[in-house]
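K.L.:
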Amino acid sequence: MDLVALLAQDARMARDPRRKTGIYRGGLDDAPISTRAKVVVVHDASRPIARAVALALADRGQCVLACGSDVFALTDLPRETAPGGLIEASAVPRGERLGRAMTLFGRVDAVVSVAEVAPELLFGPFERASLDAVLQMALTAPLAFAHELVPQLARQRAGRLVFVNALPGLPFAAVAATARAGIDGAAEALRLELAPLGVEVIVVAPELAAAPPPHPSPLDGLEHALAELPPDAPQAALGAPLRTLIERAASHDAIAAETATALVQARTKPRVTVRGGGLLQAVRATRALEREATRARKK
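In the working numbering, each residue's number is its place in the sequence shown (first place is 1) plus 882.
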């Protein structure tokens, strides 16, 4: 789909500008955005976590431009919520997203870049992993989004950049773990680089994210990867502790709530960890992984 077609699709997704709601929507007769509302650009709202973030922000009265690569996954997003928030959806390509935000809202107060991977690409032996697909989805795309939007925050000398790093650092997910480390490294470097410009950088870091039904879960992805191993594969011993760790996956609602809070709190930590279970359980499961890996090597 070319740029003209995408802009036409964006126009069809936008609300009727003649309908007065008290919130600016690009129509000449609408009232301006409330100074209490933040304009937040979110990537990639055609995927589950970023979609949940966009909805959580709108539920708190913010103005959201939900960018995404899949036009059809964006069309059923609500355009406004009871507390007065709104969502505009856009599928324009890289290089056009900042322009779309400025056209619709006239400003950008915050950027949320979400790193997540489709469950079917998440788990599997490293030697069979889809390197390019996972790194593009989980590392290159979120960084490219930030790279495009951050200059506007720097020009304004204000704003927040939030990375939602929903990638596991687990065996059978080595490529995703690489992307997770890359996002963390970029965020730490940018936190110091952008601080003199008045831009805060925050990482919201669930250890793993579990989508609600009907989306496939990380456990579904793991079970599929384990089922494809040969019957006598030594790596199969890692299955039990990995299942325990995956049971601690944070819900999308919890991740979205922490992200929305990080954007509005007067003072927030540079890293916010979102856990779906007790820390002791994670420690035990991690130690079990170490034991099983050692035992399998000795056999």
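Here a beta-carbon is modelled for each residue, glycine too, at the ideal position from N, C-alpha and C.
1) Ignore the nearest five residues each way along the sequence and tell me which others in D952's own chain have a CB closer than 6 angstroms to its CB.
2) For L1145, name the three-state secondary structure that DSSP assigns.
3) Thinking C-alpha only, which one of A1131, F1054, A1115 is nearest P1007?
4) Going by DSSP, what residue range makes up the alpha helix (DSSP H) through L1185?
5) Is it true that the CB of A1091 sits closer than 8 angstroms to the CB of G1131?
6) Report all residues from its chain with a CB closer than 8 angstroms to the CB of L1076; omit the five preceding and five following residues, and keep chain order.
7) To the nearest angstrom, report how far apart R979 and A971 are at their CA atoms.
8) Count the C-beta pairs between the stretch 1015-1024 and the stretch 1054-1065 that are closer than 8 angstroms, then say yes if the count reaches three, no if not.
9) Hey, out of T1150, A1023, L986, whose CA is closest to V996's CA?
10) Sort A932, T917, E1172 by Cα distance to F1027 and report the nearest one.
11) Go to H925, then tell me how far its beta strand (DSSP E) extends in each direction, as first and last residue.
12) DSSP three-state call for A974: helix, strand or coil?
13) Look at the Cβ atom of I1065, then the Cβ atom of P1100, and state whether they are nearer than 8 angstroms.
14) Is V993 helix, strand or coil when you go by DSSP?
15) Do you know how far the Cα of P1112 is from the Cα of A1139?
16) Can you tell me which residues form a DSSP beta bridge with P1024?
17) In angstroms with no decimal places, state the Cα-to-Cα distance between E1070 and V1085.
18) Quick one: what does DSSP say R1042 is sitting in, helix, strand or coil?
19) L959: which of P930, G1080, R982 sits nearest, CA to CA?
20) Taking 7 angstroms as the cut-off, is the CB of V994 close to at least one heavy atom of the ligand ATP?
21) Please give the ranges of any alpha helix (DSSP H) in the stretch 1092-1133, keeping only runs that are unbroken, at least 4 residues long and fully inside the region.
22) For T1150, which of helix, strand or coil comes out of DSSP?
23) Using the rule of at least 16 other Cβ atoms within 10 Å of the residue's Cβ for burial, across every protein chain shown, is E998 buried or exposed?
24) Identify the continuous beta strand (DSSP E) that holds T930 and give its terminal residues.
25) Go ahead and pull the three-state DSSP assignment for E1030.
26) Give the C-beta separation of A983 and L947 to the nearest angstrom, bearing in mind that I take them to be a contact with Cβ-Cβ under 8 angstroms.
27) Check whether the Cβ atoms of V994 and V922 lie closer than 8 angstroms to each other.
28) In angstroms, rounded to a whole number, what distance separates the CA positions of H1134 and R961?
P.N.:
To lay it out plainly:
1) S928
2) helix
3) F1054
4) This structure cannot speak to residue 1185, because the chain is shown only from 883 to 1181.
5) Checking the displayed sequence, the identity of residue 1131 turns out to be Ala instead of Gly. Yes, the Cβ-Cβ distance between A1131 and A1091 is below 8 angstroms.
6) V1032, L1035, A1036, L1043, E1082, V1083
7) 11 angstroms
8) yes
9) A1023
10) A932
11) 921-925
12) According to the sequence provided, residue 974 is Val. The question's Ala does not apply to it. Of the three classes helix, strand and coil, the one that applies to V974 here is coil, per DSSP.
13) no
14) strand
15) 41 angstroms
16) Its beta-bridge partners do not exist; DSSP assigns none.
17) 9 angstroms
18) strand
19) P930
20) Among the ligands in the structure shown, none appear at all, so the ligand ATP cannot be discussed.
21) 1100-1109, 1121-1128
22) coil
23) buried
24) For clarity, residue 930 is Pro in the given sequence; the question names Thr instead. P930 -> not in any beta strand (DSSP E); alpha helix (DSSP H) instead, spanning 930-941.
25) helix
26) 5 angstroms
27) yes
28) 20 angstroms
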